[in-house]
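Asks:
Residue numbers (the numbering used here), protein chains in the order written: chain A, 5 to 327; chain B, 9 to 326.
1. Does residue 274 of chain A have its Cβ less than 8 Å from a Cβ in chain B?
2. Around the Cβ of residue 29 of chain B, are there at least 16 other Cβ atoms within 10 angstroms (buried) or fewer (exposed)?
3. Quick check on the DSSP output: what are the complete beta strand (DSSP E) runs of length 3 or more inside the region 41-95 of chain A, in order along the chain?
4. Check distances from the C-beta atoms of the region 228-242 of chain A to those of chain B and list, in chain order, the residues that come in under 8 Å.
5. Would you check if the region 292-304 of chain A and the region 227-245 of chain A touch, i.e. whether three or more CB-CB distances between them fall below 8 Å?
6. Residue 150 of chain B CB to nearest chain A CB: under 8 Å?
7. Take every Cβ of the region 201-220 of chain B, pair it with every Cβ of the region 282-291 of chain A, and state whether three or more of those distances are shorter than 8 Å.
8. Roughly how many whole angstroms lie between the Cα atoms of residue 241 of chain B and residue 284 of chain B?
9. Please go through the same chain and pick out, in chain order, the residues whose beta-carbon is closer than 8 Å to the beta-carbon of residue 17 of chain B, but skip the five residues on each side of it.
10. Which residues mark the beginning and the end of the alpha helix (DSSP H) in which residue 175 of chain A is found?
11. Report the rounded CA-to-CA distance for residue 152 of chain B versus residue 196 of chain B, giving the unit in angstroms.
12. Suppose only complete runs of 4+ residues qualify. What are the alpha helix (DSSP H) ranges in the region 168-236 of chain B, listed by chain order?
13. Could you check the C-alpha separation between residue 89 of chain B and residue 66 of chain B for me, to the nearest Å?
14. Helix, strand or coil, according to DSSP, for residue 250 of chain A in the structure here?
15. Who pairs with residue 34 of chain A in a beta bridge, going by DSSP?
16. Which whole-angstrom value is the C-beta distance of residue 202 of chain B and residue 291 of chain B, which I expect to be below 8 Å?
17. Return the Cβ separation of residue 298 of chain A and residue 253 of chain A in integer angstroms, given the expectation that the two are a contact with Cβ distance under 8 Å.
18. Using the C-alpha atoms, what's the distance from residue 84 of chain A back to residue 75 of chain A?
19. Could you round the C-beta distance between residue 288 of chain A and residue 27 of chain A to whole angstroms and report it? I think they count as a contact, below 8 Å.
20. Within 8 Å (strictly less), CB to CB, does residue 194 of chain B reach chain A?
21. If you reduce the DSSP assignment to three classes, tell me which class residue 235 of chain A lands in.
22. Counting only C-beta atoms, is residue 201 of chain B closer than 8 Å to chain A at any point?
23. Using the C-alpha atoms, what's the distance from residue 53 of chain B back to residue 219 of chain B?
24. So with Cβ pairs under 8 Å, would you call residue 165 of chain A a contact of chain B?
25. Whole angstroms are fine: how far does the CA of residue 177 of chain A sit from the CA of residue 142 of chain A?
26. With distances taken from CA atoms, which of B:308, B:293, B:311, B:279 is nearest residue 299 of chain B?
27. Residue 231 of chain A and residue 47 of chain A - do their beta-carbons sit closer together than 8 Å?
28. Have a look at residue 99 of chain B and residue 135 of chain B and give me their C-alpha separation to the nearest angstrom.
29. With 8 Å set as the bound, which would you pick, yes or no: does the beta-carbon of residue 38 of chain B sit closer than that to a beta-carbon of chain A?
30. First and last residue of the alpha helix (DSSP H) that includes residue 256 of chain B?
31. Could you give the residue range of the beta strand (DSSP E) that holds residue 77 of chain B?
32. To the nearest angstrom, how far is the alpha carbon of residue 129 of chain A from that of residue 181 of chain A?
33. Could you have a look at residue 7 of chain A and say whether DSSP puts it in helix, strand or coil?
34. So which of B:179, B:222, B:180, B:181 has the shortest CA-CA distance to residue 200 of chain B?
35. Spell out a yes or no on whether the region 165-183 of chain B and the region 122-130 of chain B are touching, meaning 3 or more CB-CB pairs, one atom from each, closer than 8 Å.
36. Under 6 Å Cβ to Cβ from residue 89 of chain A, same chain only, skipping five residues before and after it: list those, please.
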């Protein structure tokens, strides 16, 4: 078997607050192969964004990565120096943020900003004209019309969809191995969202990059990804191929989550809803964190350690499957 | 059927000046919209951002004065009546907002939030407490919650409180503007189920505004589709969503990702972006993005015409 491109093992990212410790990511493990698109889904507070930020070691204060390994191309990213890490960020692993409005700098032209990303990761010091040439090619590739006239425009002169295209252009400017897209279309309208998804699909087939798509929208994940990890309260509760997760979900949370979604393609009389609310992150329930909301919960579910069922890579963390 | 709302050629333009001395520009948020809402129905209003759906909601709630056209609610012209008559009509119209974190006053107790519309309507103070208890239980919370403050509740619970407030005056019309889009799906499902249940129990009439077609399909009876300030299509929800007629409705429905990997989108996506609301395209506003556009589409502004009993489309193809 070949080594995966990225191997996250037992990652733990905790936030130390006055109220107590928030275990935002609490023992997350997954693998990502070259060319694979992995979706990480979950509701707000499930730890999906913190998992992504941990990979790039960009966890904001007072958060800290307290355990685990992130093996990328044979090296543990958690053991690198900050300087070495800067060569990885944006060059080998890049990040597309949720809100293009706030992730571009309003006082610099877009050409300058995309160019900066290229210049930082170039050998020696290439001429700015050469860089701008490259920027124009990249922005044309992500579908910005009349690029030559527009490289010297400022972010506010572009629409939301175009800004996200520019962000994507920036993230692919150094042909990264992995693109992490954190809710890349949440701020956009559906027709624009569909355009951005097409762009990501196209880039993936053109450059064979791996994608980690962080999303709360199950439809989006179904549209783009090969494999899915479902997160709940800081842990992965189910992992499987897109068909396994959507056609044959094992974990009660995944099943209920899928039935909560108001569908555009079928009429339903009553939506299934998950009773209660997600747990308090400072005091999560013992054992399976979903047990207080789970209709199948048994006594064993309250106890640690939790049972993991694994059939050919389709994994569910649930007592239901203990024989 | 009994009409609760009649909107007649409604136009709402917002004025915008680029500089102090420059000529004003007009953002045509809503540009000639006509529709009715019948008693006991949920009318879904769907469209992308900037299509004018929130402005319509505000015009119906009495918050935004129309540039021209009329809004008739319960037989009265909302913007020409005055004084007591206007006050009485306005208590019959209630609104539920998108963001439950900013729509509840953080310094008020829940019981005061829920009964505030009743105080304005002139209910006796002695009756307020029992009404507050009735309302809070109707939305699935309990009496103990009445003395707490908004920050002690989660997003879903706050939206329940906002619903209780909206129901307090037994309104004839409820305007819900994206009431679940700030919530997680599992909580959204709870709120949608609650709204549906209350609608059946209390026979509510509702204008439900959303960009999410799944939500619209679940909650509405009839749907209006808006694009750039105009209605492009209207009809009964199942037929409209399963067999869309207008090319924009088709493109919009196609663009929605379905949580089923066997139903990945195959059709090409609608190209381009929504138009500038200051200078919308001539003729049909969708023509620059429309795969079926012809020469006439640039000249002729299509009217919203009935194609059969309940279906209306604004497109020269029909």
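From the three backbone atoms N, C-alpha and C, an ideal C-beta is built for every residue, glycine too.
Replies: So, to answer that:
1. Taking 8 Å as the CB threshold, residue 274 of chain A lines the interface with chain B.
2. Exposed.
3. 41-45, 67-76
4. none
5. yes
6. no
7. Inter-segment contact for the region 201-220 of chain B and the region 282-291 of chain A is absent: fewer than three beta-carbon pairs are separated by less than 8 Å.
8. 21 Å
9. 40, 41, 42, 76, 77, 78
10. 164-176
11. If I take the Cα positions, the gap works out to 24 Å.
12. Segments of the alpha helix (DSSP H) lying fully in the region 168-236 of chain B: 193-210, 221-227.
13. 17 Å
14. helix
15. Answer is A:12, bridged to residue 34 of chain A.
16. That pair is no contact at about 43 Å.
17. About 14 Å; that fails the 8 Å criterion.
18. Whole-angstrom Cα-Cα distance: 11 Å.
19. 7 Å
20. yes
21. strand
22. At least one chain A Cβ lies under 8 Å of residue 201 of chain B.
23. 8 Å
24. Taking a beta-carbon distance threshold of 8 Å, residue 165 of chain A counts as an interface residue toward chain B.
25. 7 Å
26. B:279
27. When the beta-carbon positions are compared, residue 47 of chain A and residue 231 of chain A stay at least 8 Å from each other.
28. 17 Å
29. no
30. Here the alpha helix (DSSP H) through residue 256 of chain B covers 255-263.
31. Its beta strand (DSSP E) spans residues 76-81.
32. 23 Å
33. coil
34. B:222
35. yes
36. 61
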